[in-house]
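What follows is a set of notes on a single structure, which appears directly below.
Numbering (the numbering used here), first residue to last: 79 to 474.
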């Protein structure tokens, strides 16, 4: 049986496009059965070429309603959309769980200690809007409000150019300190640029978080931008798997698959501790700086010269939990990041997180997540290694 013909449509090459392609190609390499259509030797098609494609399947980054309607009219070619910029209910889809991204953003910024928040996004992009809804709902559950800064693309400018004056006016009106969630990294960088012009100190007055972890954007931002990584390679892999199942009659051609967000990659832009109690603040900073060492809650209390019981009382009042609970949370969060982002052994991960033994790490991890570290790693990378996996040197 000759291989089926597959086209990948990507309207604009971005950092995330590389990961989509890697995921699709890995599925094809592992399972076979498909031949990838190319254009001038490149493994994707532009829109005009796609219009003439008469193969068996399409994996598409659908940006506009016009593209969506054109693809849904193709009765003989199965299609999977991997972009949530616009609604595509009649197509199979594989993309990130955007409400979950919003909830994770709220949790991440809440941990900085701020209790005032703002969301920056484009109302005409579905994924922006839904991320904002998830962000606001999680904050409401925690008893906090959220300001919304809606931005639009400037006419007669490149697609990602926005009204920086509007962003500046909106930021100037925010009560600080504030946690700001930008719907994607480019907006996050634009928020950071506006903060610099307004002399708003990041992260001391504003903690800023983006989405996508576009490495070049995030690392060159001033200060470097924290970001929620999406599982782009897994998206491509699962899209190819779903497309195969649709063509073989094993899946509904309108199947919707949501993938959980990747880890939060923490950088300087969210390195804020908005706590009024100076002893608690000093203790939190000590925990963050020394959690990889085998310190205990008693060591933290000794560092700030406060009794263990007294510090626990003030900790609960300021951050909602004891010193020991905060220390365990920081260690487990770092362990999850290392398991998902590196190939370090579980033993090495436990040591890098300050646990005294591998057994204590396993026990604490299972109690917190309901999974063993190995099960968590498998779930986080169950479509294979992420193309952007960090090495042990990267996480040193």
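Note that CB positions come from ideal geometry on N, CA and C, so glycine has one too.
- Under the three-pair Cβ rule at 8 Å, the stretch 121-136 counts as touching the stretch 83-102.
- In the pairwise beta carbon analysis, the stretch 240-253 is classified as touching the stretch 182-201: at least three pairs are separated by under 8 Å.
- The C-alpha of residue 340 lies about 16 Å from the C-alpha of residue 187.
- Linking residue 204 to residue 226 through their CA atoms gives a straight-line distance of about 15 Å.
- Around the beta carbon of residue 316, 16 or more other beta carbons lie within 10 angstroms, which makes this residue buried.
- Beta-bridge pairing by DSSP links residue 260 to 198.
- By a beta-carbon distance limit of 8 Å, residue 261 contacts residue 289. Their separation comes to about 6 Å.
- If the five residues before and after residue 131 are omitted, its C-beta is found closer than 7 Å to the C-beta atoms of 85, 115, 123, all from its own chain and listed in chain order.
- In the three-state reduction of the DSSP assignment, residue 108 falls in the helix class.
- CA-to-CA, the gap between residue 109 and residue 103 works out to about 10 Å.
- About 38 Å separates the CB atoms of residue 171 and residue 278; that is not less than 8 Å, and the two are not in contact.
- The beta carbon of residue 181 sits closer than 6 Å to the beta carbons of 212, 216 from its chain, once the five residues preceding and following it are set aside; these are given in chain order.
- One Cα belongs to residue 139, the other to residue 93, and the distance between them is close to 13 Å.
- Of 448, 455, 97, 295, the smallest CA-CA separation from residue 419 is found for 455.
- Under the DSSP assignment, residue 159 falls in the beta strand (DSSP E) whose first and last residues are 156-159.
- Taking all protein chains shown into account, residue 253 has fewer than 16 neighbouring C-beta atoms within 10 Å of its C-beta and is therefore exposed.
- Residue 117 has its alpha-carbon roughly 38 Å from the corresponding atom of residue 416.
- Closest in alpha carbon position to residue 256, among 276, 275, 284, 263, is 284.
- Straight across, the Cα-Cα distance linking residue 270 with residue 308 is about 21 Å.
- Taking the Cα of residue 292 as reference, the smallest distance to any Cα among 258, 265, 382, 373 is reached at 265.
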